[in-house]
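Asker:
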Amino acid sequence: RGGARAKNEDSNASFDPPTGAPLVMSAAGTDERAPLLLGADAASGGWGWRKRALAGVAILGTLAACVCAVAATGGLGPVGRAALGLDEQCHSPLAQSAKEIGLSTYAPPEQCKAMVVCAGSPRAASTAECTLAEHVLEYMMEDEHRAGRLQQEKATYLGYWNYHLHQLCSDGFDCENKYPANLRELWTRDDWSNALSNIDGGDDIRTEMDNYYGKRDSVDASSVVIAKSHEFDETLLTMCDRRLVLTSSRDKEEVFDSALSLGWFTQPKEESRWWFDTYYDLWQQWGHCWVSATQGDDNTARFDLNFKQLSTEGSFRAVVRLMAYELAKVLQLDDTLMDMNGIVDKVVDRDFQRELNPALTNGGLRTAAAEAASN
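Under the numbering used here, think of the first position of the sequence shown as 53, with each following residue one higher.
(1) Whole angstroms is fine: what's the gap from H340's alpha carbon to T240's?
(2) Taking only runs that begin and end inside the stretch 150 to 225, name each unbroken beta strand (DSSP E) of 3 or more residues, in chain order.
(3) When DSSP labels each residue in this structure, what does D269 get in the three-state scheme?
(4) Where in the stretch 361 to 408 do unbroken runs of the alpha helix (DSSP H), each at least 4 residues long, occur, reported from the N-terminal end onward?
(5) Exposed or buried, what is S310 when buried is set at 16 or more other beta-carbons lying within 10 Å of its beta-carbon?
(6) Please list, in chain order, all residues of the same chain as H216 whose beta carbon is under 6 Å from its beta carbon, the five residues on each side excluded.
(7) Which partner residues of T299 appear in the DSSP bridge assignment?
(8) Hey, V277 and M167 are a contact pair by Cβ (cut 8 Å); roughly how many whole angstroms apart?
(9) Going by other Cβ atoms of all chains shown within 10 Å of its Cβ, with 16 needed for buried, is E283 buried or exposed?
(10) Relative to the alpha-carbon of N229, which residue among P145, L248, D349 has its alpha-carbon at the smallest distance?
(11) On the criterion of 16 or more Cβ atoms from any shown chain inside 10 Å, does E162 qualify as buried, or is it exposed?
(12) Should the stretch 289 to 305 be regarded as contacting the stretch 382 to 396, the criterion being three or more beta carbon pairs within less than 8 Å?
(13) May I ask you to report which of helix, strand or coil DSSP gives I278?
(14) Below 8 Å on the Cβ atoms is my guess for L314 versus K321; work out the distance and round it to an integer in Å.
(15) In its own chain, which residues sit with a C-beta less than 6 Å from the C-beta of M192, not counting the 5 before and 5 after it?
(16) In the DSSP assignment, find the alpha helix (DSSP H) that holds E305 and state where it starts and stops.
(17) With DSSP collapsed to three states, give me the class of L238.
(18) Leaving out five residues before and five after G154 in sequence, what residues of the same chain have Cβ atoms less than 8 Å from its Cβ?
(19) To which residues of the same chain is Q204 closer than 7 Å at the C-beta, ignoring the five residues directly before and after it?
(20) Using a Cβ-Cβ cut-off of 6 Å (strictly less than) and excluding sequence neighbours within five positions of T181, which residues of its own chain qualify?
(21) Assuming contact is defined by CB atoms lying nearer than 8 Å, are R213 and S156 in contact in what I supplied?
(22) Residue range of the alpha helix (DSSP H) that T428 falls in?
(23) DSSP three-state call for G416: helix, strand or coil?
(24) Do F404 and F355 come within 8 Å of each other at the CB atom, strictly closer than that value?
(25) What's the call for N279, buried or exposed, on a 16-neighbour Cβ count within 10 Å?
(26) Suppose contacts are defined by Cβ-Cβ distances below 8 Å. Is A176 in contact with R268 by that definition?
(27) Buried or exposed, going by whether 16 or more other CB atoms sit within 10 Å of the CB of G266?
(28) Just tell me which of G366, A353, E378 has its CA closest to the CA of D401.
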């Protein structure tokens with residue numbers, strides 16, 4: 053999933069971060085594009101401390117509003133979020149900016165039985181977690197379909213949600229100023245298809261958009277669907293009859309080291325720390341919004357994976373089992389009728405100590421030996 057390597061070569065090619073930071077595909081096949089930040093080089097490139105401070109205030113101010121509101125209530129349902137103004141804070145950074153300048157978002161399926169939202173944090177095993185969910189569903193749905201207890205035999209992976217917008221604004225910040233100036237008032241697939249001909253990476257975006265709508269058009273009321281989005285997007289929480297949101301966490305310094313190894317930030321490490329902290333806080337804001345949005349919703353559950361749970365076979369097996377039970381609940385299946393041990397064994401045999409994000413140099417699930425060597 054995902055496409056060829058591409059970079060942003062629009063009119064902001066001088067790259068003043070964060071509004072014009074150079075962007076590269078994190079890797080072909082990962083559905084996501086990563087910010088390549090200038091770090092220490094930013095100051096010499098004309099990015100003064102005042103602009104950096106303003107960028108930080110913009111991101112951190114939004115984070116503070118969301119975090120403080122969540123902390124004050126211990127988790128908010130829809131009524132509590134509205135009362136504290138969180139509906140305005142927790143919105144899609146991609147979709148809201150796009151609508152302001154006349155760019156359409158994905159049209160969701162009209163109906164579906166259940167949805168898994170892979171909303172894990174960047175560099176915190178989000179791809180590994182999503183892969184595990186796909187594999188659990190694969191074995192579970194095959195067995196249940198064979199037994200006549202489930203209409204669909206497999207889940208439909210819809211890809212990265214609003215992939216076209218994610219590719220054009222990969223860091224999810226100040227997107228209205230990052231979407232290319234020649235992309236405006238695009239409301240239909242034909243509009244997008246014609247306009248993307250003149251955009252770097254446009255063929256990849258067009259292909260992914262066609263793939264999405266092809267799969268979406270096959271979805272019906274009995275379908276189970278999967279979509280990925282690091283960025284918070286409230287639309288995903290209105291799709292299907294029931295939902296499971298997958299979130300993930302990892303030690304902050306390990307996230308920084310992983311991002312550095314992929315070139316998302318530049319060496320020396322300490323000179324990029326300010327930029328990492330700024331983006332890490334933004335990622336944390338998205339995570340808090342996902343958590344808040346699942347509170348008080350009987351039809352939406354959340355499952356959180358900590359990166360360390362992938363390091364030993366025992367903890368790996370335990371987290372796969374817990375995930376399997378959560379998925380059974382979302383699909384409204386009777387887990388007592390399932391061969392849950394068999395499902396877990398298959399996933400562990402297939403995925404433990406295997407690179408679950410092979411397109412990335414140091415991404416996803418690493419082997420225990422690699423994990424130990426890095427500590």
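Positions of the beta carbon are idealized from the N, C-alpha and C atoms, including for glycine.
Answerer: Quick look at the numbers:
(1) Rounded to whole angstroms, the gap between the alpha carbons of H340 and T240 is 32 Å.
(2) Runs of the beta strand (DSSP E) inside the stretch 150 to 225: 166 to 170, 208 to 212.
(3) Coil.
(4) As far as the stretch 361 to 408 is concerned, its whole alpha helix (DSSP H) runs of at least 4 residues are 365 to 382, 392 to 403.
(5) By the neighbour-count criterion, in which a residue is buried when 16 or more other Cβ atoms sit within 10 angstroms of its Cβ, S310 is buried.
(6) These residues qualify, in order along the chain: I257, M261.
(7) T299 is bridged to D356.
(8) Sure, about 5 Å apart at Cβ, within 8 Å.
(9) Around the CB of E283, 16 or more other CB atoms lie within 10 Å, so the residue is classed as buried.
(10) It is P145 whose Cα lies nearest to the Cα of N229.
(11) Classification of E162: exposed, given that the 10 Å Cβ count is below 16.
(12) Yes, the stretch 289 to 305 is in contact with the stretch 382 to 396.
(13) If DSSP states are grouped into helix, strand and coil, I278 belongs with the strands.
(14) Between K321 and L314 the Cβ distance is about 13 Å, and since that is not below 8 Å, they are no contact.
(15) Excluding residues within five positions, the ones whose Cβ falls inside 6 Å are I395.
(16) Note, E305: alpha helix (DSSP H), 304 to 313.
(17) Looking at L238 - three-state DSSP - the assignment turns out to be strand.
(18) Contacts found: R236, E237, L238, W239.
(19) Apart from the 5 residues on each side of it in sequence, Q204 sits with its Cβ closer than 7 Å to the Cβ of M193, H197, S274, S275, V276 in its chain, given in chain order.
(20) This sequence places Glu at residue 181; Thr is not what is there. Excluding sequence neighbours, E181 sits near G172, L298, S300, L357.
(21) It is Trp, not Arg, that sits at residue 213 in the sequence shown. No, the pair does not count as a contact, with Cβ atoms beyond the cut-off.
(22) Residue 428 cannot be examined here, being either before or after the span of the chain that is shown, 53 to 427.
(23) Model confidence at G416 stands at a pLDDT of 35, short of 50, so the residue's coordinates are unreliable; what they give is reported in the following sentence. DSSP places G416 in coil when its eight states are reduced to three.
(24) Their beta carbons are not under 8 Å apart, which means F355 does not touch F404 by this criterion.
(25) It is worth fixing the name first, because residue 279 is Ala in this sequence and not Asn. It is buried - the Cβ of A279 has at least 16 other Cβ atoms within 10 Å.
(26) Here A176 is not near R268, since their CB atoms are 8 Å or more apart.
(27) Counting every other CB atom within 10 Å of its CB across the protein chains shown gives G266 a total below 16, marking it as exposed.
(28) Proximity to D401 across G366, A353, E378 peaks at G366, based on C-alpha coordinates.
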